[in-house]
Amino acid sequence: MENTRTLKDKILLVVKGLAMGAANKVPGVSGGVVAFVAGFYEEFIFSLQRINGKAFKLLFNGRFKSFGRYINGRFLGLLILGMLISYFSVSKILDYFIQHYKLYVWAAFFGMILGSIYYIGKDFKHWNQGTIVSLLIGAAVGIAISLMNPAMENDHLGFVFICGIISVSGMTLPGLSGSFILILLGNYVLLLVDSVNALYDTIAEMAQGNFDFISNAKRVRELKVLGVFTAGSAVGLVTLSHLLNYVLKHYKHITTAVIIGFISGSLGVVWPWKEEVYKTNELGVPLLDSNGREVIVNYQRFMPEFASSETWIAVFFIVFGITIVLALDWYGKRTKQV
């Protein structure tokens, strides 16, 4: 697989990694959907499940080239490179647009998920009693998750490790948003904003020869949190890939039906027209977390006002999001024909 990839293919893999990384940082959007729609989901899962006892044996014996070939290393490496770049570039751009153009960003994501549902479901011809029940179960779980109330922030390293294992499910299971799960667990800002920014600031300071962060207890704590979260994510990525590889191999149609249902049920998470509901005291004053930010407890969704020009701009971005997915589908078909 690796030897047949051209330079263009390798650059596209990095771009796909960028898209996966950006998607995983946005609540309600799944990096797994990007992999599914872009046509490399099965290779991604296959490559991850090759990280097993045999792979570690090759690594510890110093057979690095054999190890790389065995785990499809260039493929994984280019994807992960794209994800890492995304966390410090594309994701920061997304953070800016979510802060200043929230409605339009959510509208684009809503459209992308609608397009994903169409993409996954259009060629699925295996509807029967079992797959219909699986679809309904997936939809029910998606709806239930979207209606849950977020917990309070918790920086205990054991809990952070568990957060890493759980949140990475967004990469391996299309439709399940790892970042939204972190919101429910109360640790989205801590793990995907504060700790990532702490690493970015630390690298920037070290590049200037400034090592004062060593005496900054808060910065050191955030870096520890990021390290433990990353370790949990790595463990989760490998273990979940083995489980999913087995499920896809033995229950592919059932799994696909569950994924379609889950993505459909999760649409409420990215409904563009919503407002944050903040935790308040008995006087109605918003409570702040340890970093001085208001604590979100849920979202209040409402119907758009169609008399507003803002609404129609948002509708345009929904169509734009759908178009992106359909364009990926068209590109995938064109690539296969060539």
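Position 101 of the sequence shown, counted from 1, bears residue number 181 in the working numbering, the numbering being contiguous throughout.
Idealized CB from N, CA, C, for every residue including glycine.
Leaving out five residues on either side along the sequence, give the residues of the same chain with a beta carbon under 6 Å from the beta carbon of residue i.
i	result
Ala220	none
Arg299	Ala278, Phe293
Trp186	Val350, Pro352
Val338	Ser214, Gly218
Ala115	Tyr121, Phe124
Lys205	none
Per DSSP, what are the beta-bridge partners of residue i in this structure?
i	result
Pro366	Thr360
Among the options, which residue has its Cα nearest to the Cα of residue i?
i	options	result
Ala311	Phe177, Glu390, Phe241	Phe241
Leu272	Glu122, Gln380, Trp392, Val106	Val106
Gln179	Glu356, Ala99, Gly258	Glu356
Leu317	Asn132, Leu98, Val117, Leu92	Asn132
Leu441	Tyr379, Ile404, Phe396, Leu93	Nothing can be reported for residue 441: it is not among the residues displayed for the chain, which extend from 81 to 418.
Leu134	Glu122, Ile125, Tyr121, Arg149	At residue 134 the sequence reads Lys, which differs from the Leu that was named. It is Arg149.
Ile393	Phe116, Thr335, Tyr181, Lys90	Tyr181
Leu347	Ile225, Lys90, Phe204, Gly112	Ile225
Gly345	Glu385, Ile223, Tyr167	Ile223
Trp207	Thr391, Ser166, Gly307, Thr336	Thr336
Leu159	Ala118, Arg143, Lys137, Asn141	Ala118
Ile91	Lys332, Pro384, Arg154, Gly364	Arg154
Arg301	Phe204, Asp235, Tyr331	Asp235
Under 8 Å, do residue i and residue j count as touching if we go by C-beta distance?
i	j	result
Met192	Gly101	no
Ser249	Gly258	yes
Gln129	Ser388	no
Gly341	Leu216	yes
Glu233	Leu183	no
Ser196	Leu156	no
Ile334	Gly201	no
Val94	Leu174	no
Cys243	Phe291	no
Ser247	Ser313	yes
Tyr199	Val405	yes
In chain order, what residues of the same chain have a beta carbon less than 8 Å from the beta carbon of residue i, not counting five sequence neighbours either side?
i	result
Leu139	Phe147
Ile398	Ala187, Ala188, Phe190, Gly191, Leu194, Pro352
Gly125	In the sequence under discussion, the amino acid at residue 125 is Ile, which differs from the Gly named in the question. Closer than 8 Å at Cβ, skipping near neighbours: Thr252, Ser321, Leu324, Asn325, Leu328.
Lys354	Trp186, Tyr379, Gln380, Arg381, Phe382
Thr319	Ile245
Phe168	Val276, Tyr280
Phe177	Tyr184, Val185
Ile165	Val94, Gly97, Leu98, Gly101
Lys304	Leu237
Asn361	Leu367
Phe136	none
Phe31	Nothing in the structure corresponds to residue 31, since the chain is present only between 81 and 418.
What do you get for residue i, buried or exposed, if any count of 16 or more other CB atoms within 10 angstroms of its CB means buried?
i	result
Asp274	buried
Tyr268	buried
Gly289	exposed
Thr86	exposed
Ile263	buried
Ala284	exposed
Asn152	buried
Ala407	exposed
Gly266	buried
Ile306	Just to set this straight, residue 306 is Leu in the shown sequence, not Ile. Buried, since its Cβ has 16 or more Cβ neighbours within 10 Å.
Phe260	buried
Ile343	buried
Between residue i and the rest of its own chain, which residues show a CB-CB distance below 7 Å, the 5 nearest in sequence each way excluded?
i	result
Phe120	Lys96
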